[in-house]
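Read in order, the letters of the sequence shown are residues 1 to 184 in the working numbering.
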Amino acid sequence: MRSIQILLRCKDVQKTAAFYTEKELGSWEKNAGRVCCWIKGVVLVFEQRSEGEDVTEVTFVGDDGDAIGHVGGEGKPLVLPPSSGSTPDASWSWITIIRSEDIEKTAESLAHIGLWVVEKHGSGPIHYCLSTPSTTTEIYPFRQSEPVPSIDFYLHGYLPLAPDGSKQRSVKETDPDGRLLMMF
1 MRSIQILLRC
11 KDVQKTAAFY
21 TEKELGSWEK
31 NAGRVCCWIK
41 GVVLVFEQRS
51 EGEDVTEVTF
61 VGDDGDAIGH
71 VGGEGKPLVL
81 PPSSGSTPDA
91 SWSWITIIRS
101 EDIEKTAESL
111 AHIGLWVVEK
121 HGSGPIHYCL
131 STPSTTTEIY
141 PFRQSEPVPS
151 IDFYLHGYLP
161 LAPDGSKQRS
171 VKETDPDGRL
181 LMMF
């Protein structure tokens, strides 16, 4: 698999992109009216949201550049990553969490992409996980407090320093559109 492209429709593209840009996570550029970020096999595409429009689409892109699966939307690749550029530090990993009403059905619809493994961490919910050399994608059930499709991002091994310069144990932030960014 070449990449996972995540279309994030935003209330204010510049404000949301700035939230992620300040984390210095990957390569950024403007592309056809969108703001794009390439992070370890994941392409975040920030686009202005129209009223009533679905907020998130996830498209899995094969080595040939064609879509091989998707959640939400039409499943068309939006942009192709640059052939060259900076490679982020390999010591941390990017995890995309897709929240779904029916995790089994979602995993089944994406079974041709790779092996989705059933996981459970401690007292957390049963979920599905697909790991590739560059990224991990997990399908979790809806949160009881938020019974709608959503997406969260976790960065394992990537911790910004505290204002006093010390290492933090974890950082939990919410972007301007309400998506969770957890760094631990």
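Don't be surprised by glycine CBs; every beta carbon is placed ideally from N, CA and C.
Asked: Taking Cβ to Cβ, would you say Pro176 is nearer than 8 angstroms to Asp12?; Found: yes
Asked: Is there a C-beta anywhere in chain D that falls below 8 angstroms from the one on Pro176?; Found: This model lacks chain D altogether, as it is built from one protein chain only.
Asked: Hey, would you say Glu47 sits closer than 8 angstroms to Arg9, going by beta carbons?; Found: yes
Asked: Nearest by alpha-carbon distance to His156: which of Thr59, Tyr20 and Val171 is it?; Found: Val171
Asked: Please name the residue or residues paired with Trp94 in a DSSP beta bridge.; Found: Leu155
Asked: I'd like the list of long-range same chain contacts for Glu29, defined as Cβ closer than 6 angstroms, with 5 residues on each side in sequence excluded.; Found: Cys36
Asked: Check Arg9 in the structure and name its three-state DSSP category.; Found: strand
Asked: Leaving out the 5 sequence neighbours to the left and right, which residues in its chain are closer than 6 angstroms to Met182 when beta-carbon positions are compared?; Found: Tyr154 and Lys172
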